[in-house]
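Trainee: Numbering (our numbering), first residue to last: 334 to 447.
Backbone N, C-alpha and C define an ideal beta-carbon position, used for all residues, glycine too.
My questions will all concern the structure given below.
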């Protein structure tokens, strides 16, 4: 195969298309996609989105409320525990003061009553 034959074969492969012909070829594809989504597809997406929100919005709301209520409960339980410890400390101090009072005010050690 000679070089001349090779270059002539390449010229035969390429076809020259004019601008008018290009516009005619692509006119059919351009008209099909001019509106984007169809009306039914848009309605379907909106219905799906609305259903999704209707199903999951209450769940998210309740989950958040449960979380914040459990935090309040934990805070109250901590306060209760601290108050019980403080109550025990005060009971111990009261018992010490009672013991001191009985010791100081009793004439006989046998009269001490707990």
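1. If you reduce the DSSP assignment to three classes, tell me which class residue 383 lands in.
2. Between the C-alpha atoms of residue 415 and residue 439, what's the straight-line distance to the nearest angstrom?
3. Give the straight-line distance between the Cα atoms of residue 428 and residue 406, rounded to the nearest whole angstrom.
Mentor: Let me lay it out:
1. Your numbering for residue 383 matches position 50 in the chain shown. Three-state DSSP puts residue 383 in a helix.
2. As a working mapping, residue 415 is identified with position 82 in the chain shown. As a working mapping, residue 439 is identified with position 106 in the chain shown. Going from the Cα of residue 415 to the Cα of residue 439 covers about 36 Å.
3. Here residue 428 is taken as the residue at index 95 of the chain shown, counted from 1. Here residue 406 is taken as the residue at index 73 of the chain shown, counted from 1. If you take the alpha carbons of residue 428 and residue 406, they lie about 33 Å apart.
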